[in-house]
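One structure is given here, and the rest of the page talks about it.
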Amino acid sequence: MLIATWNVNSIRARLARAQKWLETHRPDVLCLQELKVQDADFPRAELESLGYRAAVFGQKTYNGVAILTRAEPTSVSKGLGDGEQDPQARLIAVQIAGLEVINVYVPNGAEVGTDKYEYKLRWLEKLRAHLDRHYRPDAPLIVCGDFNIAPEDKDAAQPEQWRDSVLCHELARQGLQNVCAFGLTDLFRKHVMTGGHYSWWDYRMLGFPKNNGLRIDLVLGTPAAAARCKTAWIDRDERKGQQPSDHAPVVVELD
DNA sequence: ATGGTTGCTTAGCAA
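Going left to right, the first sequence walks through residues 72 to 326 as this note's numbering numbers them.
Structure (C-alpha cells):
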C-alpha cells in the first residue's frame, strides 16, 4: 500500500503534473495540500478519470486539502472540528482499509513574533487535542502533510540560515514534538538516518539549483502503522523541470 | 535588512 503526501501549490496549476505522477506511481492514497481552489472548481473529473476518488476540503485562493484514494473511503471528515470558527481549510481525514489517514497543511507562520506564528503554534496544539479526542495511539493511524517544520537541524541544508525561521524555530519544533507525543513517529526516519534529504526548496534565490532545501513534509505513524512501513522516500525528481511545485512528494509503503 | 519567485487575482497577499 503506497501512501503519499504532496503540497502541489495550486492543483489547477499542477494538474498535468499530478495526473502524470498518479499514472507513474499509482499510489493507493495521495494527500494534497495548497489546492488554492474552492470545492466547485476542483478538477475532480480529471483525477477521477484516472481511477481515483477525491475527498476535497477546498478554499478560494489559499490553503485547501484533498485526499485521493483508489478505493472508496469508509469515512471522511474535514477540519479540526473543535467548534471554533476557522475559515482556513487545513485538515481532511479518511478511513480506508482499516487505516486512518489525516492530511494536514500546518500554517506556515510567516515570521517568529507575528500573529501568523501564534496561529501556527495554536493550530499545532489544536491538532494534538483533535488526536486525543478522536483517535487512538494503539490503532493504525497516519498523520501526513506539509508541517512547515523541519524536525531537526539535519533536515535543513543550511541550518544556521534557517535557525530563526518559522520552519526551524524552537517553539514550532516543540509543537511538532507535542503532536508526536500522542504516539507518532516520523516514518521517513525509520528508514533513513542521514541528513541531506529535503522535500521543499524555495522558488527564490535558486533554492533548488543550490539544493538549499528543508524536509518539512512528513509522514507520521502510530506504532501499528510504523510496524507495517517497509520503505519511505522523497521524489526529488518531481521538483525538476518546467513549472514544478516548490514541494516534492513524500511516499511511504505499508504492508 | 532586503530581495529573490510563484500563484491567485488583478495590487497585494501568502508562501
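Note that CB positions come from ideal geometry on N, CA and C, so glycine has one too.
Can you name the residues that DSSP bridges to W304?
Answer is V322.
Would you mind giving the Cβ-Cβ distance between I220 and I287, rounded to the nearest angstrom? I have them listed as a contact below 8 Å.
Sure, about 6 Å apart at Cβ, within 8 Å.
If you drop the 5 nearest sequence neighbours on each side, which residues of the same chain put their C-beta closer than 8 Å to that of P158?
Taken in chain order, the residues that qualify are Q130.
Can you check DSSP and say which residues form a bridge with L103?
DSSP, once it has assigned bridges, lists W77, A137 as partnering L103.
Measure the Cβ-Cβ separation of C102 and C239 and say whether it is below 8 Å.
It is not a contact, given that the beta carbons lie outside the stated cut-off.
So what does DSSP say about C215, is it helix, strand or coil?
Looking at C215 - three-state DSSP - the assignment turns out to be strand.
Q248 lies in the alpha helix (DSSP H); which residues open and close that run?
Taken as a continuous stretch (DSSP letters only), the alpha helix (DSSP H) holding Q248 covers 241-251.
Quick check on DSSP: helix, strand or coil for R124?
Three-state result, R124: strand.
Name, in chain order, the residues that DSSP records as bridge partners for S316.
Answer by DSSP bridge pairing: none, since S316 is not bridged.
Assuming L106 contacts Y123 under a Cβ cut-off of 8 Å, what Cβ separation, rounded to an integer in Å, is found between them?
With a Cβ gap of about 15 Å, L106 and Y123 do not count as contacting.
In terms of DSSP beta bridges, what is K146 paired with?
Looking at the sequence itself, residue 146 is Ser, so the reference to Lys does not match. Bridge partners of S146: Q166.
Here's the rule: buried if 16 or more other CB atoms are within 10 angstroms of the residue's CB, otherwise exposed. What is Y185?
Residue 185 is actually Thr in this sequence, not Tyr. Flag for T185 reads exposed.
For the beta strand (DSSP E) containing D203, list its first residue and its last residue.
Element bounds for D203: not the beta strand (DSSP E) but the alpha helix (DSSP H), 186-205.
Please determine, among V147, R161, A181, L289, the residue with the shortest C-alpha to C-alpha distance to A168.
If we check each option's Cα against that of A168, V147 comes out closest.
With a threshold of 7 Å on Cβ separation, who are the neighbours of A319 within its own chain once the five nearest residues in sequence on each side are excluded?
Excluding residues within five positions, the ones whose Cβ falls inside 7 Å are S270, I305, D306, R307, E309, R310.
Let's see if you can read the secondary structure: which residues bound the beta strand (DSSP E) around L291?
Here the beta strand (DSSP E) through L291 covers 288-292.
Check this for me: beta carbons of P222 and L247, under 8 Å apart or not?
Yes, the pair counts as a contact, with Cβ atoms nearer than the cut-off.
Can you give me the start and stop residues for the alpha helix (DSSP H) that P230 sits inside?
It spans 230-233 - the alpha helix (DSSP H) in which P230 sits, taken as one unbroken run.
Can you tell which of R193, N282, L202, Q229 has its C-alpha closest to the C-alpha of L242?
Answer by Cα proximity: R193.
For A181, which option in I173, V172, D326, K191 has the closest C-alpha, if you only look at C-alpha atoms?
Ranking I173, V172, D326, K191 by Cα distance to A181 puts K191 first.
So E324 packs on T293, CB below 8 Å; how close in whole Å?
The pair is not a contact, with the Cβ atoms about 17 Å apart (cut-off 8 Å).
Is DSSP giving L151 helix, strand or coil here?
Residue state, collapsed to three classes: coil.
Short check: CB of H201 to CB of D153, under 8 Å?
Cβ distance < 8 Å, so H201 and D153 count as in contact.
Mapping the DSSP letters down to three states, classify D273 as helix, strand or coil.
Coil.
Could you check where the alpha helix (DSSP H) with E117 kicks off and where it finishes?
Taken as a continuous stretch (DSSP letters only), the alpha helix (DSSP H) holding E117 covers 115-119.
Please name the residue, chosen from V79, K91, R97, A84, that lies closest to L73 on a Cα-to-Cα basis.
Comparing Cα-Cα distances from L73 to each of V79, K91, R97, A84, the minimum goes to R97.
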